[in-house]
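Accompanying notes for the structure given below.
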Amino acid sequence: MTGELPVIQEASLDPDFKRLVESFSGAQNINACIQCGTCSGSCSFSESMKHTPRRLLEMVRAGMREEVLNSDTYWYCTSCYYCTVRCPRGINLTEVMYALKHVAIAVNKDKNAVFYDCFNSVLQSYGRLYENGLLLKLALKTDPLMLVAYGPLGVKMFLKGKLNILPSRVRALSDIRQLYDKVGEMEEKI
Amino acid sequence: MTYAYYPGCSLHATAREYDESTRAVFENLGIGLREIEDWNCCGATALPSTSYLFSLVVPTRNLALAEEQGQDVAVACNSCFVTLRRAKSVYEDNPVWRAKIKEAMGVIGKDFEARIQIKHILDIVVNDVGLETIAATVRNPLHGLKVVPYYGCQIARPKNEFAHPELPTEMDRLLDVLGAEVLRYDHKTKCCGGALMTTKPEAALELERDLLGEAAERGAEAIAVSCPLCQFNLDAYQDKVNKRFQTNYNIPVIYFTQLLGVAQGISPKKLGLKRNLVSIKGLMQKYVGEVI
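As you go down the protein sequences, you meet chains A and B in turn. Using our numbering, the first residue of the first sequence is number 521, and each one after it goes up by one. Using our numbering, the first residue of the second sequence is number 1462, and each one after it goes up by one.
As C-alpha cells, then:
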C-alpha cells in the first residue's frame, strides 16, 4: 500500500458512519486507537490491501464512508485475530472488520463478498455447508472457469472419500429459515 | 465423561479423517462423544458479513441443543471452536446483543443460558486427560519422527482458557510424549489463509509457501495440525505452491489425532490414514513399521 493521501472534502464526510460501525457488538471503542500500526504490522495481508487496517480505522473515524465501503481491507481479513490480541488499546479489530463487511456487502462486489453471499445462501438451503453447491454458485456469479480449475482437485477429493456428492441437510431446516426471517426483521431496526 | 460432540461441516466432508481419528482416539481413551442431534453449520467467519446478528444466532442454536443434552461441547475444528465461543461470549458480555439473540431464538422456541463450556479436543486431550495418562497409552512410539506443530490462528485467539494466543505449547508437548521429535516452528499460529484460497489465491498461496517453507527449512517430515482449514490449504494446494514458486515440497499434513491414534496402536483404517492427499504411507512405514 503506497500512494498519495487523498484530498478529502469535509462535505463528503459522514459523521454518523463511525456511530454506525460502533453499534455492532465488539466494535465500540475505536476512538481509543492511537494509530500505532501494530495491527497493520501483524496482518498477513497488509501488503495486498488498498488500505492497511490502521489507515482504514482512521478513515472510519473520519467518516470517509464511500472510501471505506469501496475498500478491500476487510475482505482480506480471515479473522485470525492477530491484530486483536496485539492492539495495545484493546480494540477488537476483527469485530470492526465484521461490522464493516456487514455494512459494505450490499454495495461492495469484491469476490470475497460474493463468496460470503453464496455461503449464506447455501446455509439457508441446507443448514450445513455443501462444498459443491458453494463452488458452483460462486463460479456462476464470478468466473465459470473456476470449475475447470477445480476439476482435478475435485476428482482427487472424491477418490479419497472427502467430497459429498449430495448435500447433508439439517432435519429442522425450518429452524434456520425462521431464524433468518426473524433476524431480517430485527436488523432493519439496527 | 461424555461430551456433546460438534463435528461441524468439514469433518463430515473434506476432513473426514479428522472425524474418524477423533472418534477412534476418544473411544480408546474412554471419553464419550455424543454427536449433537441435528446440529447446523456454525456459519464460520463467513456469516458475520452477510448478517451480523444471524452469525450469532446460528451457532447459538447448536449451543442450545447441547445444553438440552446437558453436556459440555467438544469441538475439533478451530473455526467452529472460535465461532461457537464468539456467540457465547457476546451472549455473556453484552446485554444489548444478548437480548437480541434471545429474541431471535424465541421464534424457534429455544433458549440458551450459557451454562455449558465449549472445549477444543486438543485441550481435552492435553489438559483434562493429561499427558501422563496419554503416555501410558502409547504402544507404538513415533521414534523421532520430525514434526512441526501448526496450530493455526483460531484455536488460540482471541482468547481462551487453555492456549497462549501466540505461542501455545499443547500440541508440542503432546507430540513429544508420543515420541516425535518436535521442531521449533515460528509460524505455529499464523493464519493459513482460510477461504482466501478460493477468492484471493495469489495472496493465500504466498502464505502457504511461507508455512511450508519454514517447515522444510527446519527439516520437518510432517506438519501436525488441529484444524481442517489449515490441513486442507496446506495439503490440497501443496502442488500449486510448488508450481507457482518452483519449489519441491512434499510434506504430509497430519491431524494430531491421527498421530495420537498411530502411537496408541489404533488400526490405520480407523484413523483415515489413506485420506491425506500428500501420502503418509512412507512415513508410517519408516517410523512405526505400519503398512497402510
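Where a beta carbon is used, it is the ideal one built from N, C-alpha and C, also for glycine.
With a cutoff of 8 Å on beta-carbon distance, C600 (chain A) and C1614 (chain B) are scored as near each other. For the C-beta of K1607 (chain B), not a single chain A residue is nearer than 9 Å; the gap to the nearest is close to 25 Å.
The shortest CA-to-CA distance from L686 (chain A) to any of A:R648, A:V605 and A:L658 is the one to A:R648.
Here the alpha carbon of V1608 (chain B) sits roughly 34 Å from the alpha carbon of T572 (chain A). Neighbourhood of I1569 (chain B) in chain A, by CB distance below 7 Å: D695, Q698 and L699, in chain order. Here DSSP, grouped into helix, strand and coil, assigns K1730 (chain B) to helix. In this model, P1729 (chain B) and Q1530 (chain B) are separated by some 32 Å (Cα to Cα). Each of B:K1701, B:A1474, B:S1740 and B:A1505 was checked against the Cα of N1523 (chain B), and the nearest Cα belongs to B:A1505. Around the C-beta of I554 (chain A), fewer than 16 other C-beta atoms lie within 10 Å, and the residue is accordingly described as exposed.
A Cβ of chain B is located within less than 8 Å of the beta carbon of A619 (chain A). Residue ranges of uninterrupted alpha helix (DSSP H) with 4 or more members, entirely inside the segment 1588-1638 of chain B and ordered along the chain, are 1592-1598 and 1631-1638.
Counted as a single uninterrupted DSSP element, the beta strand (DSSP E) harbouring Y1466 (chain B) occupies residues T1463 to Y1467. Under the 8 Å criterion on CB atoms, L673 (chain A) is classed as interfacial with respect to chain B. Counting along the chain, no beta strand (DSSP E) covers L589 (chain A); the unbroken alpha helix (DSSP H) around it starts and ends at R585 to L589. Runs of alpha helix (DSSP H) with 4 or more residues, each lying fully within the segment 618-652 of chain A, are found at 631-646, listed in chain order.
Apart from the 5 residues on each side of it in sequence, Q1725 (chain B) sits with its Cβ closer than 8 Å to the Cβ of V1486, N1489, T1598, V1599, R1600 and N1601 in its chain, given in chain order. Relative to the Cα of I1577 (chain B), the nearest Cα in the group B:Y1479, B:E1528 and B:I1585 belongs to B:E1528.
If only complete runs of 4 or more residues are kept, the segment 559-604 of chain A shows the alpha helix (DSSP H) at 573-582, 585-589 and 593-596, in order along the chain. The Cβ of M579 (chain A) sits no closer than 8 Å to any Cβ of chain B.
Taking the CA atoms as reference points, T1511 (chain B) sits about 10 Å from F635 (chain A). Contact between L1672 (chain B) and K1701 (chain B) is ruled out by a C-beta separation of about 13 Å, above the 8 Å threshold. For V1536 (chain B), the enclosing beta strand (DSSP E) starts and ends at V1534 to V1536. By the criterion of a C-beta distance shorter than 7 Å, M584 (chain A) is surrounded in its chain by I528 and L533, once the five residues flanking it on both sides are discounted. Identification of chain B residues near K676 (chain A) by a Cβ-Cβ cut-off of 9 Å yields A1697 and L1738, ordered along the chain. The C-beta of V703 (chain A) comes closer than 8 Å to at least one C-beta of chain B. In the three-state scheme derived from DSSP, where H, G and I count as helix and E and B as strand, I1715 (chain B) is classed as strand.
Contact between the segment 614-630 of chain A and the segment 641-657 of chain A is absent: fewer than 3 CB-CB pairs across the two stretches fall below 8 Å. Annotation: Cβ neighbours of N1555 (chain B) in chain A (cutoff 8 Å, chain order): S545 and G546. Collapsing the DSSP output to three states places K538 (chain A) in a helix.
Cβ-Cβ distances below 7 Å link V1739 (chain B) to D1696, Q1699, N1711, I1712, P1713 and V1714 in the same chain, with the five nearest sequence neighbours on each side left out; the list follows chain order. Bridge pairing for H1648 (chain B): absent [DSSP].
The straight-line gap separating the alpha-carbon atoms of D1533 (chain B) and A1575 (chain B) is approximately 10 Å. G1655 (chain B) and T598 (chain A) have their alpha carbons spaced roughly 6 Å apart. By the 16-neighbour rule on beta-carbons within 10 angstroms, G557 (chain A) is exposed. In this structure, L1628 (chain B) lies away from V1586 (chain B), with their beta-carbon atoms at least 8 Å apart. A residue is called buried once 16 or more other Cβ atoms fall within 10 Å of its Cβ, and A531 (chain A), having fewer, is exposed.
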